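Line by line, the protein sequences are chains A and B.
Per numbering that gives the first Met the number 0, the first sequence starts with residue 0, numbered consecutively.
Per numbering that gives the first Met the number 0, the second sequence starts with residue 0, numbered consecutively.
Cβ atoms here follow ideal geometry from the backbone N, Cα and C, with glycine treated the same way.
Just so we're clear, the structure is a prediction, and the values are computed from it rather than from any experiment.
2 protein chains.
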Amino acid sequence: MLQAAIRVLQAQGYKITEPRKQVLEVLEGAQKPLSPYDIQSFLKQKGKYLNHVTIYRILDLFCSLNLAHKVLSIGGFVKCSLGTAEGCHRFMVCHQCGAIQEFADKELCQGEDAFTRNLGFHTKYHLSESSGLCADCFRKQFEEQKLG
Amino acid sequence: MLQAAIRVLQAQGYKITEPRKQVLEVLEGAQKPLSPYDIQSFLKQKGKYLNHVTIYRILDLFCSLNLAHKVLSIGGFVKCSLGTAEGCHRFMVCHQCGAIQEFADKELCQGEDAFTRNLGFHTKYHLSESSGLCADCFRKQFEEQKLG
DNA sequence: GGCTGATTGCAACATTGTTGCATCTAGCTT
DNA sequence: AAGCTAGATGCAACAATGTTGCAATCAGCC
Ligand SMILES: [Mn+2]
Ligand SMILES: [Mn+2]
Ligand SMILES: [Zn+2]
Ligand SMILES: [Zn+2]
Chain A
0 MLQAAIRVLQ
10 AQGYKITEPR
20 KQVLEVLEGA
30 QKPLSPYDIQ
40 SFLKQKGKYL
50 NHVTIYRILD
60 LFCSLNLAHK
70 VLSIGGFVKC
80 SLGTAEGCHR
90 FMVCHQCGAI
100 QEFADKELCQ
110 GEDAFTRNLG
120 FHTKYHLSES
130 SGLCADCFRK
140 QFEEQKLG
Chain B
0 MLQAAIRVLQ
10 AQGYKITEPR
20 KQVLEVLEGA
30 QKPLSPYDIQ
40 SFLKQKGKYL
50 NHVTIYRILD
60 LFCSLNLAHK
70 VLSIGGFVKC
80 SLGTAEGCHR
90 FMVCHQCGAI
100 QEFADKELCQ
110 GEDAFTRNLG
120 FHTKYHLSES
130 SGLCADCFRK
140 QFEEQKLG
């Protein structure tokens, strides 16, 4: 929800500006991760103009507040769809349609921490992006196989 | 070992060229992930010259053969230090000194697969980079705290 | 020692990301 | 409601990273 993000910004003393609202809106509506320049193009289609530097700075801010994430395997940004209390946020990326699903699981984090601790490391943060097929794309591919 | 990588190249019918050997050598000696341009600089110091396009193409090849990996959280390449049979390869990244340790663990993969399967996804590949402090950097930081 | 397809170099270009500074404005103060 | 000001945006210039097509070269074969 857009309002939730706006409250976070206000609570941290950040101003609610047109550019910030516009980037939020684009991320809300997106079906897949968007690069800063993707976001600029989206807005241009709606007759809005934002300088790309502004978009970079807004995305930096959003990421620092956990309102957005950069999906590194894609190089694009998504809005965060989880609360902030649930530990580290993980992604499932469909390499067919590009769809993203965010999730969190403490057991996975604990497993990684335990394993790395045995190697002498002190883990603070987990980056995890599982790639494969979403339910829709899997079904489509399955039915194509039946036909072909 | 450099010889192992060379055998992989030969086995797949790729030529053993000076540029490929040089990139292999740099990756072998590196203590942290290197970007293509980092590799070019390293070589320039040794009096060698490689065009950056060549380095990009060599790294693409190495990654496709699992001789190297791109560490996305850093944007640099490391040589693969594991065999190819052990499933997906994971990284621990020290955010202090940049050191990398590669590892593999089937249980972690299975845990991720199980969790994403419940969300309807069919996972094929895991990207996992845990960041924190390596043993050395942790010890240093610990001793600084005692003093300060 | 030549042949040839694979590899590299080069030039030109595209994309992505960064910095410093001038200008503007959201939200506060009066 | 108008003014003030720190914070936000725009702009210009630049830096870094990555890509493409094609000509020149060379590794591994005969
Ligand atoms: Mn999140
Ligand atoms: Mn590996
Ligand atoms: Zn899909
Ligand atoms: Zn370290």
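- Rounded to the nearest whole angstrom, the CA to CA distance from phenylalanine 102 (chain B) to leucine 71 (chain A) is 20 Å.
- With 7 Å as the limit between CB and the heavy atoms of ligand 2, the residues that fall short of it are B:Asn65, B:His68, B:Cys79, B:Ser80, B:Leu81, B:His88 and B:Glu101.
- Within the same chain, and ignoring the five residues on either side of cysteine 108 (chain B) in sequence, the residues whose Cβ sits closer than 8 Å to its Cβ are Gly86, Cys87 and His125.
- Close partners of glutamate 106 (chain A) in chain B (Cβ separation under 8 Å): Gly110.
- A residue is called buried when at least 16 other Cβ atoms come within 10 angstroms of its Cβ; methionine 0 (chain B) does not meet this threshold and is exposed.
- The beta-carbon separation of phenylalanine 90 (chain B) and histidine 121 (chain A), rounded to 15 Å, does not stay under the 8 Å limit for a contact.
- Under a 10 Å Cβ-count criterion, phenylalanine 141 (chain B) is classified as exposed, with fewer than 16 other Cβ atoms of the shown protein chains found around its own Cβ.
- Shown here for alanine 67 (chain A): same chain residues with a beta carbon closer than 7 Å to its own, the five before and five after excluded, namely Leu26, Leu58, Phe61, Phe76, Val77, Lys78 and Cys79 in chain order.
- At a cut-off of 8 Å, the C-beta of serine 34 (chain B) has no neighbouring C-beta in chain A.
- Considered as a whole, the region 96 to 138 of chain B harbours 99 to 102 and 121 to 132 as its complete beta strand (DSSP E) runs of no fewer than 3 residues, in chain order.
- What threonine 16 (chain B) touches in chain A, judged by beta-carbon distance under 7 Å, is nothing: the nearest beta carbon there is about 30 Å away.
- Here histidine 94 (chain A) has Ser130, Gly131 and Leu132 as same chain residues with Cβ atoms under 8 Å from its own Cβ, once five neighbours each way along the sequence are excluded.
- Cysteine 96 (chain A) and glutamine 30 (chain A) have their C-alpha atoms spaced approximately 9 Å apart.
- At the C-beta level, leucine 8 (chain A) and glutamine 21 (chain A) stay beyond 8 Å of one another.
- Distances from the CB of leucine 1 (chain A) to the heavy atoms of ligand 3 are all 7 Å or more.
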